[in-house]
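Visitor: Residue numbers (our numbering), protein chains in the order written: chain A, -2 to 109; chain B, 106 to 220. Attaching a single structure in structure tokens format; questions to follow.
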Amino acid sequence: KQEVTQIPAALSVPEGENLVLNCSFTDSAIYNLQWFRQDPGKGLTSLLLIQSSQREQTSGRLNASLDKSSGRSTLYIAASQPGDSATYLCAVISSNTGKLIFGQGTTLQVKP
Amino acid sequence: AAGVIQSPRHLIKEKRETATLKCYPIPRHDTVYWYQQGPGQDPQFLISFYEKMQSDKGSIPDRFSAQQFSDYHSELNMSSLELGDSALYFCASSLGQGWSKDTQYFGPGTRLTVL
Chain A
-2 KQEVTQIPAA
8 LSVPEGENLV
18 LNCSFTDSAI
28 YNLQWFRQDP
38 GKGLTSLLLI
48 QSSQREQTSG
58 RLNASLDKSS
68 GRSTLYIAAS
78 QPGDSATYLC
88 AVISSNTGKL
98 IFGQGTTLQV
108 KP
Chain B
106 AAGVIQSPRH
116 LIKEKRETAT
126 LKCYPIPRHD
136 TVYWYQQGPG
146 QDPQFLISFY
156 EKMQSDKGSI
166 PDRFSAQQFS
176 DYHSELNMSS
186 LELGDSALYF
196 CASSLGQGWS
206 KDTQYFGPGT
216 RLTVL
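Next up, the structure:
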């Protein structure tokens, strides 16, 4: 059974810092991995999608890497801003039906 | 660009009542997923449909049922509501399933409160 774990559960940093969020999964047989952002009480916004054959994806100040063999992904946020404050969720698809298995999320607070 | 539409956005029900949540996928998307997110929890997969047929089932109570219609919209029917059903319910759509490697696009969610 696929399990996804995110570390740390919460993170507080001063504005401008670069930071790394970690995600690990137990079954390396995945189709892809997605990183989402969720603001309190709001919906899920897809940030980055990494296919199983890819090693990384970049979008603006965000960079996500994938090491499928070790069951790990990292989300790197450069030059953090207060507007980055949110919960970041990692999710994998390891079934051909496409259901997402989510981690518990990392709640990020960027202080001005 | 059109997004996933969910209705209603908020719903308040009493225990033992029935609720129906609706999801309208992005045009041309043939796959719909339902997820439940309890307070402080990560989203949990409930059920999915591909081309109007149920394709996968997760931890969905027997009190819940769902279907996908000919226009690809989906409805989640919840009966005998319990306090523990209070949650944010998300619908997501994609073109194809996991094998298609397409992104799932999420709707804004329906917040269900059971009193």
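Think of the CB as a built atom: it goes at the ideal place given N, C-alpha and C, for glycine as much as any other residue. In this text the structure is predicted, and so the values were computed from the model without any measurement.
Identify, in the order they occur along the chain, each residue of the same chain with its Cβ nearer than 7 Å to the Cβ of B:I110, setting aside the five sequence neighbours on each side.
Guide: For B:I110, where only same-chain residues beyond five positions count, the Cβ hits under 7 Å are Y129 and G212.
Visitor: Below 8 Å on C-beta distance, what does B:T208 contact in chain A?
Guide: Within 8 Å Cβ-Cβ: Q31, S43 and L46.
Visitor: Are the C-beta of A:T103 and some C-beta of chain B separated by less than 7 Å?
Guide: So, not an interface residue.
Visitor: Checking 7 Å against the spacing of the C-beta atoms, do A:W111 and A:A61 come in under that value?
Guide: Nothing about residue 111 of chain A can be reported from this structure: the residues present for chain A run from -2 to 109 only.
Visitor: Helix, strand or coil for A:L46? Go by DSSP, reduced to three states.
Guide: Residue state, collapsed to three classes: strand.
Visitor: Where does the unbroken beta strand (DSSP E) through B:D161 begin, and where does it stop?
Guide: M158 to K162 is the span of the beta strand (DSSP E), which, as asked, contains B:D161.
Visitor: Report buried or exposed for B:M183, applying the criterion of at least 16 other Cβ atoms within 10 angstroms of its Cβ.
Guide: When all chains shown are included, B:M183 counts as buried.
Visitor: Below 7 Å between beta carbons is the criterion; list the residues of the region 126 to 149 of chain B that meet it against any residue of chain A, in chain order.
Guide: The residues in question are T136, Y138, D147 and P148.
Visitor: Measuring alpha carbon to alpha carbon, tell me which residue in A:T55, A:G95 and A:T103 is nearest B:Y138.
Guide: When each option's Cα is compared against that of B:Y138, the closest is A:G95.
Visitor: Is B:S153 close to chain A? Criterion is C-beta to C-beta, closer than 7 Å.
Guide: Judged by the 7 Å Cβ criterion, B:S153 is in contact with chain A.
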